[in-house]
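S.K.:
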Amino acid sequence: MMRTLSHLMNTSVLAWLAVVLSTGLSAQSPLEIASRFAESGSWDEAYAALKPSMQQELYQTDAHAWYVLGFVQKELHKASGATGDEAVFRAESVQSFQRALSMPNLSSEERETARRALDFLSRSYFRDAIQWVEGFTPTAEPIILELMGRYEAIQSSLNPGQDLSPQRADLHRYLGQAYAQLLETERFADLPEERALFEGATSHYQESLTHDPDSYASQYNFSIALYNHGVRQLKRINHTTSMFELLEIQDACVELFERALIPMRKAHDQRPTRLETLKGLMTIHYALSQPEASEAYRVKIEQQLRNR
Amino acid sequence: MIAVRPIRLLLALRFIKTRAANLAGLFLLTLVSSGVMAQAELGVDETDTRAIMKANFLFHFAASNEWPADPVAADFHIAVIGNPRLHEELVDKYALKMIGALPLKIDAYEGIDAFLQRPVGQVVYCEPGAGELLRVAEILRDKPVLLVADSEDALASGALINFVVIGNRIRYEINAQQAREKGVLIGNKIMSWAVKNSP
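From first to last, the protein sequence lines are chains A and B.
Going by the numbering used here, 112 is the number at position 112 of the first sequence; the sequence numbering is gapless.
The numbering used here runs 1000 ahead of the 1-based position in the second sequence.
#1: Would residue 49/A pass as a contact of residue 34/A if the rule is Cβ separation under 7 Å?
#2: Suppose the cutoff is 8 Å on Cβ atoms and the five residues either side in sequence are ignored; what does the same chain contact list for residue 83/A look like?
#3: Tell me the start and end of each unbroken alpha helix (DSSP H) in the segment 131-200 of chain A that is at least 4 residues and wholly inside, in chain order.
#4: Report the residues of the segment 1042-1061 of chain B with a CB closer than 9 Å to any CB of chain A, ordered along the chain.
#5: Short of 7 Å Cβ to Cβ, which residues in the segment 48-67 of chain A face chain B?
#6: From 225/A, 251/A and 275/A, pick the residue whose C-alpha is nearest to that of residue 1045/B; which is it?
#7: Can you name the start and end residues of the beta strand (DSSP E) that residue 1162/B belongs to?
#8: Cβ of residue 1185/B less than 7 Å from any chain A Cβ?
#9: Please report the residue range of the alpha helix (DSSP H) in which residue 1175/B lies.
#10: Note down, in chain order, all residues in the segment 1155-1177 of chain B with a beta-carbon under 7 Å from any beta-carbon belonging to chain A.
#11: Could you check whether the Cβ of residue 1193/B sits closer than 7 Å to any Cβ belonging to chain A?
#12: In the DSSP assignment, the beta strand (DSSP E) including residue 1148/B goes from what residue to what residue?
#13: Counting only Cβ pairs nearer than 7 Å, list the residues of chain B close to residue 283/A.
#14: Can you give me, in chain order, the residues of the segment 1078-1099 of chain B that have a beta carbon less than 9 Å from any beta carbon in chain A?
#15: Please go through the segment 1083-1108 of chain B and give each complete alpha helix (DSSP H) segment of 4 or more residues, from N-terminal end onward.
#16: Do residue 1103/B and residue 1075/B have their beta-carbon atoms positioned less than 7 Å apart in this structure?
#17: Can you tell me which of 28/A, 58/A and 119/A puts its alpha carbon nearest to the alpha carbon of residue 70/A?
#18: Of the residues 1174/B, 1099/B and 1167/B, which one's Cα is nearest the Cα of residue 1063/B?
#19: Can you find a CB in chain B that lies within less than 7 Å of the CB of residue 304/A?
#20: Which whole-angstrom value is the C-beta distance of residue 1048/B and residue 1110/B, which I expect to be below 8 Å?
#21: Does DSSP put residue 1136/B in a helix, a strand or coil?
#22: When the cut-off is 7 Å and only beta carbons count, does residue 237/A lie next to chain B?
#23: When the Cα atoms are used, what is the spatial distance from residue 73/A to residue 93/A?
#24: Using a Cβ-Cβ cutoff of less than 8 Å, which residues in the same chain neighbour residue 156/A once the five nearest sequence positions on both sides are dropped?
#25: Distance check for residue 1155/B and residue 1194/B, CA to CA, integer angstroms please.
#26: What span of residues does the alpha helix (DSSP H) with residue 72/A cover, start to end?
#27: Can you say whether residue 1166/B is buried or exposed, counting buried as having 16 or more other CB atoms within 10 angstroms of its CB?
#28: Can you check which of these residues, 1114/B, 1129/B and 1143/B, is closest to residue 1181/B by C-alpha distance?
#29: Which residues, in chain order, does the segment 209-234 of chain A contribute to contact with chain B at a C-beta distance below 9 Å?
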């Protein structure tokens, strides 16, 4: 944020400089001045020269001016290295390019370039979303979904019929994994946050499956999240656990194991020779005290290993 | 007249440069979408869940019953025959916990023969069923020992408590009459949670 403020102060000075220079440049228009600065890669100066003038009626309907401004803003964004909400120039650039594209007088060449630039900017939103997932904390979820929403909005404006379900499914699967990994750390054992993390993991896997019902990875991970959460409860049983508590825990765990069986079977149906799903089914059936079914999958695992 | 050509050329040239960066970005995006960069996937937890349940049941069987006084006993023993993971679980969570005034010790036996050479324990869990269970029951017939099993018709083979599965859950049945005859007084809590008591 400080960087952005500092940058805006600099642009005020540059705007003044640009005006001073423009008086000595035989009264060139702000667009011409900005274009000259842009030609030499002086993006700050180009921005300072053009941005304040865009409120003038002359430029309000000038597609080329919005196109140039969008390009300058895009370059400033790239130079800033800003991400997320701090990437002010990226948001401005998107608006400028979209405004240029909404006008009929944009040349076909510039129209194509603007579309490519928007595509680049939208993908940077998606990359940002993924980067936030990699350093995940639950408070980041709204930011991640906001970034994803911007990616989708730009992509949809570029290609209205485009199916973005695969990317949406991937993002929710990554979020499910992020929540599941926080659960595995046991930092929140028996705390209210643990329930919230579990709900976060399972709800994102389910959301992922609504966008891509045939996703092997989402089915498998969903099953693991359910099963492992049950095992976590069981592992906390010790000498202080009463018989009543023991039976209650068992009821809750069996319910989770039964739920886990469904997505694990679906994953297995998709890839019947994968060892991880065979192992998953063997383990879940064992936990459900179904030794024959568990043994059948153990035999299949041995067969798979022999065939390798 | 606005000089548009230079800026168009410039931007076109710049776009060629940035296109390489865009392609790199697209490659990154493809990697992300294909899951190559996804966080490490979690695997199934291989903990023996049935061993956890059984271990806690056995601990309650030991702690909730009334045992005949044995003035020379220095420890309370649970013997586990043929189930090393159950033995590990018991050692991990219950060893040295007090059963009455005695510290709990957990003994492991690979099979029936090893146990029959040194049949020690107030609670004996026997994983093998049928004939092998009968052999263990026979040697413990006149002793106040709680023989626990996990096999079909185990109560008829001499076990006092047998684990059974009901609705995918581990529960247990009790042969209360035989327990009384052997001098083992099974506690009310244990009796009340049993799914089936013989008279």
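For every residue, glycine included, the Cβ atom is placed at its ideal position computed from N, Cα and C.
None of the values given here were measured: they were computed from a predicted structure.
M.R.: The short version:
#1: yes
#2: 128 and 131
#3: 141-158 and 165-184
#4: 1042, 1043, 1044, 1045, 1046, 1047, 1048, 1049, 1050, 1052, 1053, 1055, 1056, 1057, 1059 and 1060
#5: 64
#6: 225/A
#7: 1161-1166
#8: no
#9: Careful: residue 1175/B lies outside any alpha helix (DSSP H), inside the beta strand (DSSP E) at 1169-1175.
#10: 1165, 1168, 1169 and 1170
#11: yes
#12: 1146-1149
#13: 1044 and 1046
#14: 1093, 1094 and 1097
#15: 1084-1094
#16: yes
#17: 119/A
#18: 1099/B
#19: no
#20: Contact doesn't hold; Cβ gap of about 17 Å is too wide.
#21: helix
#22: yes
#23: 5 Å
#24: 162 and 164
#25: 13 Å
#26: 63-80
#27: exposed
#28: 1143/B
#29: 217, 220, 221, 223, 224, 225, 227, 228, 230, 231, 232 and 234
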